[in-house]
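Engineer: Structure provided below as structure tokens; questions to follow.
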Amino acid sequence: SAAAERFVAALETRVEERAGLAALEELLAFASRAEAAGAQGEALVAAAGRSLSAAQTSGPLVGAEALTAKQLARACCDLRCAGFAADILRPLALLAETKAAALDSFAQAGEAAFQFGVAGVGSAALYRQLQAAAATALESAPRRALRPRAVARCAARMAAAGVAADARYERALLVAAEGALERVGGSIDDTKVLGAAVAGGGRLSAFHPSALALLWRFQKQLPKPIAAGGNARPFEEPRFSDRDLPLCVDLGCGLGSFVLAAVAASSAEDCNWLGVDASEVAVGRASGAALRLGLSDRAQFLTGDAAATLASVAETYPGAVQLCAIHFPTPFRTLEDERQGEAALETQVHGGGAFMVNPALAGACAAALAPGGGVLLKSNSRDVLAAMAHELRVAGLGETAWPEAVAGGALAETEAASLRAGREVFYTYLSKSEAA
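The opening position of the sequence shown corresponds to residue 1 in UniProt numbering, with each subsequent residue numbered one higher.
Now the structure itself:
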């Protein structure tokens, strides 16, 4: 609308005047109003975001020095979820690095790490400082003040951020968790998190059920974009350390937990994993977590359309495509219905009300797979699973036993949430004939 266009023009003027913090606050407010304006509102928000991003190349946001690291983390998350380009996060993250040590609450440090993580902020130094701040706060807290919920909340959020625990943080968390477990009042979930922290050995990680639950709750609030063609040739530049290894592709990978857990669980470096999703926010989080967890040599993520990306894979990837995984695609109902109650568990990050597994995608899977390769399907709806399997059978695949060793028992965020809620998960595996 004309009013919205005038707003963007006025906002650009404020950016030019270096009223950075005021511009940031107005952008966040405008993003929430523009969400209902459809494509036009999104375009206006994107234009304003580009103006603000460009202004940051000459210095940090004016006035942002007054914000804490936790507030900067929330701003990064809100801006990214509103559709702003990733480069808008850099000045905020750099500023947060100077403030992380000032956080005197382990709960705030954990929350900041989680918000920066889901926003896709990739600064390793920032996460190290947030972890150090959490360790300092845990070490200095009186034992009687270590409430189970607060300690578990910090631990789960730091884990969900994909931050590998260093020795100091792990030791401080262990002592704090032991103290918190002595108190009465913790929930079963809190007790499980604290128990994993005490047990050590990597049991409390980004793949712990409590961490996956946090990621799922964040993911279900994301807008469900429709990918428009995706990356036409995603493999023109090297991405994996060994591109001759067989490739597994997670279509609709969400925040990347299934891919990352599969790579982390693999005892031998026997395959590469590619996650594809229509959401730039989800892919940003997944890519950042892969780097923090040291898995990016075999785990890569792309924003794009599933069928278009598979077609590119078939043309350009040197190795064989061994597996396509499709977890909990959007079922046959409107997005408005899906957002009501438990139906949200059946959604992933594909929008528009169109069913993801259509003849085009089924055909792309069949064409990309090497002989003997297969498609893993999962859903908590029998009807959705049956519809997916039907499309793949029509494309020439046949049902067979699932080789569980391929993914090492990895869980996607939605699968973990379904199991946590006591819902049954159905799966099937269809493979391509060895003679194909």
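All C-beta atoms, glycine included, are put in the ideal place defined by N, C-alpha and C. Just so you know, these numbers come straight off a predicted model, no measurement behind them.
1. If the criterion is Cβ atoms closer than 8 Å, does the pair Leu158 and Gln131 meet it?
2. One question on the structure: do Cys253 and Asp277 come within less than 8 Å of each other, judged by their Cβ atoms?
3. Going by DSSP, which residues form a beta bridge with Val276?
4. Span of the alpha helix (DSSP H) holding Val263?
5. With the cut-off set at 8 Å, would you say Gly373 and Val321 are in Cβ contact?
6. Please classify Asp242 as buried or exposed, where buried requires at least 16 neighbouring CB atoms within 10 angstroms.
7. Tell me which residues share the same chain as Cys81 and place their Cβ nearer than 7 Å to its Cβ, disregarding the 5 neighbours each side in the sequence.
8. Determine the burial state of Asp166: buried for a count of at least 16 other Cβ atoms within 10 Å of its Cβ, exposed for fewer.
9. Could you check whether the region 91 to 110 touches the region 131 to 145, counting it as contact only if at least three pairs of C-beta atoms, one from each stretch, sit closer than 8 Å?
10. The beta strand (DSSP E) with Pro371 in it runs from where to where?
11. Can you tell which of Leu245, Val375, Phe328, Thr309 has its C-alpha closest to the C-alpha of Asp297?
12. Can you check the region 68 to 103 for any alpha helix (DSSP H) of at least 4 residues that lies completely inside it and give the ranges in chain order?
13. How far does the alpha helix (DSSP H) with Cys271 in it extend, from its first residue to its last?
14. With Ala289 and Leu260 assumed to form a contact (beta carbons below 8 Å), what rounded beta-carbon distance in angstroms separates them?
15. Three-state secondary structure (DSSP) at Glu399?
16. Rounded to whole angstroms, what's the CA-CA distance from Leu181 to Ala368? Just pull it up for me.
17. Exposed or buried, Ser433, counting other C-beta atoms within 10 Å across all chains shown (16 or more means buried)?
18. By Cβ distance, which residues of its chain are closer than 7 Å to Arg239, with the 5 residues on each side in sequence left out?
19. Would you please state the rounded distance, in angstroms, between the beta carbons of Thr428 and Leu361? I believe it to be under 8 Å.
20. Which residue from Ser287, Phe207, Arg144 puts its Cα closest to that of Ala119?
21. Consult DSSP for His208 and reduce its assignment to one of helix, strand or coil.
22. Would you call Arg292 buried or exposed, if buried means 16 or more other Cβ atoms sit within 10 Å of its Cβ?
23. So which of Asp250, Thr400, Val425 has the shortest CA-CA distance to Gly304?
24. Just to confirm, are Asp190 and Ala152 a CB contact at a threshold of 8 Å?
25. Is it buried or exposed for Pro329, if we count other Cβ within 10 angstroms and need 16 for buried?
26. Measure the C-alpha to C-alpha separation of residue 462 and Thr414 and round it to an integer number of angstroms.
27. Nearest-angstrom Cα distance between Gly179 and Arg393?
28. Excluding the five sequence neighbours on either side, which residues of its own chain have a C-beta within less than 7 Å of the C-beta of residue 439, listed in chain order?
29. For Ala93 versus Cys76, is the C-beta spacing smaller than 8 Å?
30. In chain order, which continuous runs of the alpha helix (DSSP H) of length 4 or greater are located wholly inside the region 131 to 190?
31. Pull up the distance between the alpha-carbon of Ser379 and that of Ser187, whole angstroms please.
32. Locate the alpha helix (DSSP H) running through Ser418, then write down its first and last residues.
33. Determine the extent of the alpha helix (DSSP H) in which Leu430 is found, giving its start and end residues.
34. Under a three-way DSSP split, which group does Gly313 fall into?
35. Residues bridged to Val321 by DSSP?
36. Identify the continuous alpha helix (DSSP H) that holds Gln221 and give its terminal residues.
Structural biologist: For this structure:
1. Against the sequence shown, residue 158 aligns to sequence position 158. Against the sequence shown, residue 131 aligns to sequence position 131. One point to set straight first is that residue 158 is Met, not Leu, in the sequence displayed. Their beta carbons are under 8 Å apart, which means Met158 touches Gln131 by this criterion.
2. Looking up residue 253 in the sequence shown gives position 253. Looking up residue 277 in the sequence shown gives position 277. The answer is yes: Cβ separation under 8 Å.
3. Counted from its first residue, the sequence shown places residue 276 at position 276. Secondary-structure assignment with DSSP links Val276 through a beta bridge to Leu251, Leu302.
4. Against the sequence shown, residue 263 aligns to sequence position 263. Segment 257 to 265, the alpha helix (DSSP H) holding Val263.
5. The residue labelled residue 373 in the question sits at position 373 within the sequence shown. The residue labelled residue 321 in the question sits at position 321 within the sequence shown. Taking 8 Å as the Cβ cut-off, Gly373 and Val321 qualify as a contacting pair.
6. For the purposes of this step, residue 242 is taken as residue 242 along the sequence shown, with counting starting at 1. Exposed is the call here.
7. Sequence index remark: in the sequence shown, residue 81 carries index 81 (1-based). For Cys81, same chain residues with a beta-carbon under 7 Å away, outside a window of 5 residues either side, are Leu222, Val281 in chain order.
8. Counting from one through the sequence shown, the residue named residue 166 turns up at place 166. Burial state of Asp166 is exposed, judged by a 10 Å Cβ sphere holding fewer than 16 other Cβ atoms.
9. yes
10. Numbered from 1 along the sequence shown, position 371 holds the residue referred to as residue 371. Counting along the chain, the beta strand (DSSP E) containing Pro371 begins and ends at 369 to 379.
11. What you label residue 297 is simply residue 297 of the sequence shown in a count that begins at 1. It is Leu245.
12. 69 to 81, 89 to 97
13. Residue mapping note: residue 271 aligns to position 271 of the sequence shown, counting from 1. Counting along the chain, Cys271 falls outside any alpha helix (DSSP H), and DSSP gives it neither H nor E.
14. Mapped onto the sequence shown, residue 289 falls at position 289. Mapped onto the sequence shown, residue 260 falls at position 260. Correct: roughly 6 Å between the Cβ atoms.
15. Counted from its first residue, the sequence shown places residue 399 at position 399. Correct three-state label for Glu399: strand.
16. Numbered from its first residue, the sequence shown carries residue 181 at position 181. Numbered from its first residue, the sequence shown carries residue 368 at position 368. Answer to the nearest angstrom: the Cα atoms are 51 Å apart.
17. The residue labelled residue 433 in the question sits at position 433 within the sequence shown. So Ser433 ends up on the exposed side.
18. Position 239 of the sequence shown holds residue 239. Once the five neighbours on either side are set aside, the close Cβ partners of Arg239 are Gln300.
19. Residue numbering aside, residue 428 sits at position 428 when the sequence shown is read from its first letter. Residue numbering aside, residue 361 sits at position 361 when the sequence shown is read from its first letter. Not quite, the Cβ-Cβ distance comes to about 16 Å (not below 8 Å), so this is no contact.
20. Against the sequence shown, residue 119 aligns to sequence position 119. For the residues Ser287, Phe207, Arg144, the minimum Cα distance to Ala119 belongs to Ser287.
21. Your numbering for residue 208 matches position 208 in the sequence shown. His208: coil per DSSP, three-state reduction.
22. In the sequence shown, counting from the first residue as 1, residue 292 sits at position 292. Per the 10 Å Cβ criterion, buried.
23. One-based indexing of the sequence shown puts residue 304 at position 304. Of all alpha-carbon atoms in Asp250, Thr400, Val425, the one lying nearest the alpha-carbon of Gly304 is that of Asp250.
24. As a position in the sequence shown, residue 190 is number 190, starting the count at 1. As a position in the sequence shown, residue 152 is number 152, starting the count at 1. Yes, the pair counts as a contact, with Cβ atoms nearer than the cut-off.
25. By one-based count along the sequence shown, residue 329 stands at place 329. Pro329 should be labelled buried.
26. This structure cannot speak to residue 462, because the chain is shown only from 1 to 436.
27. Numbered from 1 along the sequence shown, position 179 holds the residue referred to as residue 179. Numbered from 1 along the sequence shown, position 393 holds the residue referred to as residue 393. Cα-Cα distance, rounded: 55 Å.
28. No answer is possible for residue 439: the residues shown for the chain start at 1 and end at 436.
29. Indexing the sequence shown from 1 puts residue 93 at position 93. Indexing the sequence shown from 1 puts residue 76 at position 76. Their beta carbons are under 8 Å apart, which means Ala93 touches Cys76 by this criterion.
30. 148 to 160, 167 to 181
31. One-based indexing of the sequence shown puts residue 379 at position 379. One-based indexing of the sequence shown puts residue 187 at position 187. Going by the C-alpha atoms only, they are around 29 Å apart.
32. Within the sequence shown, the letter at position 418 stands for residue 418. First-last of the alpha helix (DSSP H) with Ser418: 413 to 420.
33. Locating residue 430 in the sequence shown gives position 430, counting from the first residue. Looking at the DSSP string, Leu430 is not in any alpha helix (DSSP H); the run it does join, the beta strand (DSSP E), is 426 to 431.
34. On the sequence shown, position 313 is the one that residue 313 refers to. The sequence shown places Val at residue 313, rather than the Gly named in the question. The answer is helix: DSSP assigns Val313 an H, G or I state.
35. For this step, residue 321 is matched to residue 321 along the sequence shown. Val321 is bridged to Leu247, Leu369.
36. The sequence position of residue 221 within the sequence shown is 221, counting from 1. First-last for Gln221: undefined, no H or E at that position.
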